[in-house]
Amino acid sequence: MDIRWLQDFLALAELRNFTRAAEFRNLSQAAFSRRIQSLEHWVGTALVVKGSQPVRLTEAGEQFREGAGASVERLLETRAAIRGSQFEVMSQVRLAMPNVLARSDFRRILAAIGPKVRSSFSVIVGTTAEVTARYLAGDADILLAHDCPALPSHEALDTQEKAVLRADRFLPFAAQGAAFGFPGTPRDPFPLIAYAQRAYFARLFEHVVERSAVPLSYRMAVQCDMSDVLKEVIAAGHGVGWLPESAVEPGTGLVALGGAEWALPLEICAFRPRRAAGPKLDALWEALRS
């Protein structure tokens, strides 16, 4: 028995889709399916209705879901309590944050909390989906991530304590002097520098397009799930792409395009479990909130 099987099953039960659940757990769909099958073999019966779209749990699956959720929660709480009691000795805070915030905000955060909290830090970086999954799996004490009031990053974060650190915006950018006729026309679409479909910011882009009264006409030029890569491609003049405003430093040669209809308000947030974490982590949290 592997606790990751339970976490995989709970992700599938929540998202009701094998592909989305596998992406959230940072696994290939084949590996994710094998884990679900291994769990079913361990339980001794089917937990998922085969071939159902969206995914439906069997009666046994619904029963197992309740017990699995409680078991994972108890295990993580127990681990948190043990780590909390040892925290004075370890004196290390485990932070998880996407690459884009590691570049733009980590120094700012350290400058703010450093004088108030005497601790060392270990930092997990990756895509938003990767670091969120690792935080929810208990690999980090605090998650720093973008959150959009119109489109939250993940439902499971609703159960976490949240602190808004500062406001941000998701905007279209292009190299200075290269607007590419934005927002484009069917006869003359602009080249789009876009996030890969599984990326959190890809969902934000889709939301911007869906809510806009003005049609957006583009041709796909480059796709990647890393904001830093997209920013370099945009700065090199290859097209238009959406970026968090916090990721665009002065002097990069990038200019924002369009008006308010193409901008999406974001928040840079900190998340932590609601369970007790120990006095030093509490002090760190208060330093972040202030």
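Residue numbers for the sequence shown follow my numbering, beginning at 57 and rising by one.
Just so you know, even glycine gets a beta-carbon here, dropped at the ideal spot from N, CA and C.
Let me know the secondary structure DSSP gives residue 229 once reduced to three states. strand
Going by DSSP, what residue range makes up the alpha helix (DSSP H) through residue 93? 85–99
Output the boundary residues of the beta strand (DSSP E) element that contains residue 103. Taken as a continuous stretch (DSSP letters only), residue 103 belongs to no beta strand (DSSP E), as it is neither H nor E.
Sorted by chain position, which residues of the same chain lie with C-beta nearer than 6 Å to residue 150's C-beta, five sequence neighbours on each side aside? 178, 196, 197
Check residue 263 in the structure and name its three-state DSSP category. helix
Residues bridged to residue 297 by DSSP? 229
Test: residue 201 CB closer than 8 Å to a CB of chain B: In summary, chain B is missing from the structure at hand, where a single protein chain is found.
Would you mind sorting residue 285 into buried or exposed? The rule is 16 or more other CB atoms within 10 Å of its CB. exposed
Excluding the 5 residues preceding and the 5 following residue 259 in the sequence, name in chain order all residues of the same chain whose CB lies nearer than 7 Å to its CB. 207
Kindly list the residues whose CB is nearer than 6 Å to the CB of residue 279, restricted to its own chain and excluding five residues on each side of it in sequence; keep chain order. 250, 252
Whose CA, out of 59, 79, 154, lies closest to the CA of residue 123? The option with the nearest alpha carbon to residue 123 is 59.
Looking only at DSSP bridge pairs, what is residue 355 linked to? The first residue shown for the chain is 57 and the last is 346, placing residue 355 beyond what the model contains.
State whether the region 215–223 contacts the region 254–268, with contact taken as three or more CB pairs (one from each stretch) at a distance under 8 Å. No: fewer than three Cβ pairs fall under 8 Å.
Nearest-angstrom Cα distance between residue 145 and residue 131? Because the pLDDT of residue 145 is 44, which lies under 50, any placement of that residue in the model is unreliable, and the question is left without a value.
If the criterion is Cβ atoms closer than 8 Å, does the pair residue 180 and residue 152 meet it? Going by C-beta atoms, residue 180 is nearer than 8 Å to residue 152.
DSSP three-state label for residue 203, please. strand
Tell me, to the nearest whole angstrom, how far the beta carbon of residue 273 is from that of residue 242; I am working on the premise that it is less than 8 Å. 5 Å
Using the rule of at least 16 other Cβ atoms within 10 Å of the residue's Cβ for burial, across every protein chain shown, is residue 101 buried or exposed? Classification of residue 101: exposed, given that the 10 Å Cβ count is below 16.
With a CB to CB cut of under 8 Å and the five nearest residues on each side skipped, what residues in its chain are close to residue 308? 287, 291
Which same chain residues end up closer than 7 Å to residue 236 when comparing Cβ atoms and leaving out the 5 residues on each side of it in sequence? 230, 246, 247, 295, 296
Could you check the C-alpha separation between residue 426 and residue 83 for me, to the nearest Å? Not covered by the structure: residue 426. The range shown for the chain is 57 to 346.
Can you check DSSP and say which residues form a bridge with residue 165? In the DSSP output, where bridge partners are listed per residue, residue 165 has none listed.
From 342, 86, 160, residue whose alpha carbon lies closest to that of residue 218: 342
Spell out the partners DSSP gives residue 180 in its beta bridges. Residue pairing of residue 180 in beta bridges, as defined by DSSP: 152.
DSSP beta-bridge partners of residue 343: As DSSP reads the structure, residue 343 sits in no beta bridge.
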